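Notes follow once the structure below has been shown.
Protein chains: 2
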Amino acid sequence: MREGMCLPPGDPMDGLAFPAALAAAREIAEAQIMARLSPLPGTLAQAMAYACRGGKGLRGFLVLASARLHDVPSHQAAPAAGAIEALHAYSLIHDDLPCMDDDDLRRGQPTVHRKWDEATAVLAGDALQSLAFEMVLQTACPDGARVELALQLAAAAGLRGMVGGQMADIAAETAEVPLTLDQIIALQAGKTGALITWSTRAGAIIAGVDDTPLRRFGDCLGLAFQIWDDVLDVTGDAATTGKAVGKDAAAGKATFVSLLGLDAARARARDLVNEAESHLAAYGQKAQTLIDAARFVIARDT
Amino acid sequence: MREGMCLPPGDPMDGLAFPAALAAAREIAEAQIMARLSPLPGTLAQAMAYACRGGKGLRGFLVLASARLHDVPSHQAAPAAGAIEALHAYSLIHDDLPCMDDDDLRRGQPTVHRKWDEATAVLAGDALQSLAFEMVLQTACPDGARVELALQLAAAAGLRGMVGGQMADIAAETAEVPLTLDQIIALQAGKTGALITWSTRAGAIIAGVDDTPLRRFGDCLGLAFQIWDDVLDVTGDAATTGKAVGKDAAAGKATFVSLLGLDAARARARDLVNEAESHLAAYGQKAQTLIDAARFVIARDT
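Order-wise, the sequence lines are chains B and S.
By our numbering, the letter at position 160 of the first sequence is numbered 160, and the numbering carries on one by one without gaps.
By our numbering, the letter at position 218 of the second sequence is numbered 1218, and the numbering carries on one by one without gaps.
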């Protein structure tokens, strides 16, 4: 697939160091979503678009960086980058609902059910999940790769992935015995890890090559990401993170920090990022943006 | 694709008159869903399976009947039949939530949020939507047809289809001016029609043939179906329909019955079924099961 393809001059992801590459990727993914929502009238389209704005765009970036690693042009992978950001936005809307985490604030703005109402929040999330599958199936690649991308996305999003992890997380809140470290690792592999690993694998799936190194990279990165989220829940402040903090400790919830302590949690995250990097060794210098992204994950304050 | 294929003897859908064919189809679709959920432990898988049991299975039947019309064996189309039933079940769980229709009863059983809780209901619906896309992508047909099936399903399920229709329905409840007939038709084409039309088209998409006649058949059938639902909301009782009745009238909501009157609404549904039949004329006797299904839609009391 790669050989005969003519790369358009100036792929927007090329030649950019990490923070700029992340910003460029966020713009690409957001443009994909807005192109599908902006022409549509009504509150639902508006609420869906609202929920997709203002995030870091890390998952969409991972898709595009994974694509560039395999010489897939950004414009080909762009619908897949938009898809994962739409799916992530849906999960945040539903996680914030009163019957779940009951959050008023997300990315520094009122959550969808606070700005509109609960019905709008449920439906905006539902429609964003449908949109995510529509978008991922519009990725410019052979039909077989599209089927694989969408199948893996469905598996990562559902019962054995993100939603299953969220359900386990809620169950843990009312459980009498706090979770063990292994249980938290398994829970987070679903809740946060599955979408991150899908994102890192996406470029290899589009290009039709073995995705094992990127899967391993994603698994380490996803876990490091979640450990760092737990660190930020203790050390961060709401103004910077754009969401409520200190909630886990207040709820007496077992987290990586409560189980390991702050310093050991940070060290564990660093070790995971080092391991993540090692899985991309065969890609050499070409993987630098992804490696910078992994380092960013454990340096961010938001 | 059709020529070289060896049909297994005794396709379970063949030679059955309508009510038996509907029952057989329901079993096939349910088996597809349960095969994916039963091996999994936990409340979430349990709630998902619970929500998929006990329906009429009309949409899954339409998929399998549409497949048989094009000589696609039922076992090939079965994952698509399971997918549409899973998607339908997700929509019912979310529609029943307190922030939406706030129903306690569905298919004669407690709704998911009554049997468990709201968080479980939101997540079971979310995971059933993911499962629906996973299943439809496992339909045994060429990759191009799988992509088309899933793309059309995403379009039918989302903002421009089912979820958009549900949002318009909720908005209508608080609107100062009741909807006009044209507005109700547009709303229902999304809320109920889109999934029904997807189901009638599915066999043609799997077989890779023109789906225009089945699309027209589905559009008429979907509208007739919704008109009959409005009729049942007035004439039915909760014990038979397995859900609350008389809610629309109590809410002062514009329906086909409130706008047309009971007799004219019934006549309109009959006309639509006649028109639906006419679109399948070219298929001759082979379309009899689908035609019987259309007649069933305006004869049912549940």
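Glycine residues also receive a C-beta, built at the ideal position from the N, C-alpha and C atoms.
Bear in mind the structure is a predicted one, so any value in this text is a computation, not a measurement.
(message) To the nearest angstrom, how far is the alpha carbon of S/CYS1006 from that of S/GLY1193?
(response) Start at 1 with the first residue of the second sequence, and residue 1006 of chain S comes out as number 6. Start at 1 with the first residue of the second sequence, and residue 1193 of chain S comes out as number 193. Only weak support exists for where S/CYS1006 lies, its pLDDT of 48 falling under 50; the value from the coordinates is given anyway. Computed Cα separation, rounded: 34 Å.
(request) Spell out whether any CB of chain B is found under 8 Å from the CB atom of S/MET1034. (result) On the second sequence, residue 1034 of chain S is found 34 positions in, with the first residue counted as 1. Taking Cβ atoms only, chain B never reaches closer than 8 Å to S/MET1034, which makes this a no.
(request) Spell out whether any CB of chain S is found under 8 Å from the CB atom of B/CYS141. (result) On the first sequence, position 141 is the one that residue 141 of chain B refers to. By this cut-off, B/CYS141 is not an interface position.
(message) Any heavy atom of the ligand ZN closer than 7 Å to the beta-carbon of B/GLY164?
(response) Among the components of this structure there are no ligands whatsoever, and the ligand ZN is therefore not found.
(request) Going by CA-CA distance only, name the one from S/ILE1227, S/LEU1280, S/LEU1290 that's closest to S/ASP1301. (result) The residue labelled residue 1301 of chain S in the question sits at position 301 within the second sequence. Among S/ILE1227, S/LEU1280, S/LEU1290, the Cα nearest to that of S/ASP1301 is on S/ILE1227.
(request) Name, going along the chain, the residues of the stretch 1140 to 1167 of chain S whose beta-carbon falls closer than 7 Å to a beta-carbon of chain B. (result) ASP1143, GLY1144, ARG1146, VAL1147, ALA1150, LEU1151, ALA1154, ALA1155, ALA1157, GLY1158, LEU1159, VAL1163, GLY1164, GLN1166, MET1167
(request) List the residues of chain S whose Cβ lies closer than 7 Å to the Cβ of B/CYS52, in chain order. (result) Along the first sequence, read from residue 1 onward, the residue named residue 52 of chain B stands at position 52. Chain S residues near B/CYS52: none, gap ~13 Å exceeds 7 Å.
(message) Checking 8 Å against the spacing of the C-beta atoms, do S/ALA1119 and S/PRO1178 come in under that value?
(response) The residue given as residue 1119 of chain S occupies position 119 in the second sequence. The residue given as residue 1178 of chain S occupies position 178 in the second sequence. No. Outside cutoff.
(message) Against chain S, does B/LEU123 count as a neighbour if the rule is that its beta carbon must be under 8 Å from one of theirs?
(response) One-based indexing of the first sequence puts residue 123 of chain B at position 123. It does: the Cβ of B/LEU123 has a partner Cβ on chain S nearer than 8 Å.
(message) Give the list of continuous alpha helix (DSSP H) stretches no shorter than 4 residues that lie fully inside the stretch 1047 to 1073 of chain S.
(response) 1058 to 1069
(message) I'd like to check one pair, S/LEU1092 with S/ARG1106: are the Cβ atoms closer than 8 Å?
(response) Your numbering for residue 1106 of chain S matches position 106 in the second sequence. Your numbering for residue 1092 of chain S matches position 92 in the second sequence. Taking 8 Å as the cut-off, the Cβ atoms of S/ARG1106 and S/LEU1092 count as close.
(request) Tell whether a beta-carbon distance below 8 Å holds between S/GLN1152 and S/LYS1191. (result) Along the second sequence, read from residue 1 onward, the residue named residue 1152 of chain S stands at position 152. Along the second sequence, read from residue 1 onward, the residue named residue 1191 of chain S stands at position 191. The answer is no: Cβ separation not under 8 Å.
(message) Against S/GLN997, what residues of chain B qualify as contacts under a CB-to-CB distance less than 8 Å, listed in chain order?
(response) Since the first residue shown for chain S is 1001 and the last is 1302, residue 997 of chain S is missing from the structure and cannot be characterised.
(message) Does any residue of chain B have a CB that is nearer than 8 Å to the CB of S/GLU1134?
(response) The residue labelled residue 1134 of chain S in the question sits at position 134 within the second sequence. So yes, S/GLU1134 belongs to the interface.
(request) Give the secondary structure of S/ARG1106 by DSSP, where H, G and I count as helix, E and B as strand, and everything else as coil. (result) Residue 1106 of chain S sits at position 106 when you count from the first residue of the second sequence. Strand, per DSSP.
(request) Identify the continuous alpha helix (DSSP H) that holds B/PRO19 and give its terminal residues. (result) Looking up residue 19 of chain B in the first sequence gives position 19. Unbroken alpha helix (DSSP H) run through B/PRO19: 18 to 37.
(message) Quick check: is the beta carbon of S/GLN1129 nearer than 8 Å to any beta carbon in chain B?
(response) Residue 1129 of chain S sits at position 129 when you count from the first residue of the second sequence. So yes, S/GLN1129 belongs to the interface.
(request) Following the continuous alpha helix (DSSP H) through B/PRO213, name the residue where it begins and the one where it ends. (result) To locate residue 213 of chain B, count along the first sequence from 1; it is residue 213. Residues 212 to 235.
(request) Quick one: list the residues of chain S neighbouring B/HIS94, beta-carbon separation under 7 Å, in chain order. (result) Numbered from its first residue, the first sequence carries residue 94 of chain B at position 94. VAL1122, ASP1126, listed in chain order.
(message) What would DSSP say about B/ARG266, mapped onto helix, strand or coil?
(response) Along the first sequence, one-based indexing puts residue 266 of chain B at 266. Residue state, collapsed to three classes: helix.
(request) May I have the straight-line CA-CA distance separating B/LEU272 from S/ALA1168, to the nearest angstrom? (result) Taking the first residue of the first sequence as 1, we reach residue 272 of chain B at position 272. Taking the first residue of the second sequence as 1, we reach residue 1168 of chain S at position 168. Those two C-alpha atoms are separated by around 47 Å.
(request) Report the residue from S/ALA1025, S/ARG1036, S/THR1043 whose alpha carbon sits nearest the alpha carbon of S/ARG1059. (result) What you label residue 1059 of chain S is simply residue 59 of the second sequence in a count that begins at 1. Looking at the Cα atoms, S/ALA1025 is the closest of the given residues.
(request) Using three-state DSSP, classify B/GLU85 as helix, strand or coil. (result) Numbered from its first residue, the first sequence carries residue 85 of chain B at position 85. When secondary structure is reduced to three states using DSSP, B/GLU85 falls in the helix class.
(request) Starting from B/ALA119, find everything on chain S with Cβ-Cβ shorter than 7 Å and list it in chain order. (result) Position 119 of the first sequence, counting from 1, holds the residue named residue 119 of chain B. Residues of chain S passing the Cβ test: CYS1099, MET1100, ILE1170.
(request) Return the chain-ordered list of same chain residues with a C-beta closer than 7 Å to the C-beta of S/ARG1002, the five sequence neighbours on each side being excluded. (result) For the purposes of this step, residue 1002 of chain S is taken as residue 2 along the second sequence, with counting starting at 1. Low local confidence applies: a pLDDT of 42 at S/ARG1002 is under 50, so the model's placement there is unreliable, and no value is given.
(request) Starting from B/LEU97, follow the alpha helix (DSSP H) in both directions and report where the run begins and ends. (result) Looking up residue 97 of chain B in the first sequence gives position 97. Note, B/LEU97: premise wrong, no alpha helix (DSSP H); not H, not E.
(message) Does S/ALA1150 come out as helix, strand or coil in the three-state DSSP assignment?
(response) Counting from one through the second sequence, the residue named residue 1150 of chain S turns up at place 150. If DSSP states are grouped into helix, strand and coil, S/ALA1150 belongs with the helices.
(message) Please state whether the Cβ-Cβ distance between B/ILE33 and B/PRO12 is less than 8 Å.
(response) Looking up residue 33 of chain B in the first sequence gives position 33. Looking up residue 12 of chain B in the first sequence gives position 12. No. Outside cutoff.
(request) Please report the Cβ distance between S/PRO1147 and B/VAL147, rounded to the nearest whole angstrom; I am assuming they are in contact, meaning their Cβ atoms lie under 8 Å. (result) Locating residue 1147 of chain S in the second sequence gives position 147, counting from the first residue. Locating residue 147 of chain B in the first sequence gives position 147, counting from the first residue. Residue 1147 of chain S is actually Val in this sequence, not Pro. About 6 Å; that satisfies the 8 Å criterion.
(message) What residue range does the alpha helix (DSSP H) around B/GLY125 cover?
(response) Along the first sequence, read from residue 1 onward, the residue named residue 125 of chain B stands at position 125. Start and end: 118 to 136.
(message) I'd like the span of the alpha helix (DSSP H) that includes S/GLN1288, first residue to last.
(response) Residue numbering aside, residue 1288 of chain S sits at position 288 when the second sequence is read from its first letter. Taken as a continuous stretch (DSSP letters only), the alpha helix (DSSP H) holding S/GLN1288 covers 1288 to 1297.
(message) With a threshold of 8 Å between beta-carbons, can S/LEU1069 be considered close to chain B, or not?
(response) What you label residue 1069 of chain S is simply residue 69 of the second sequence in a count that begins at 1. No, no contact with chain B.
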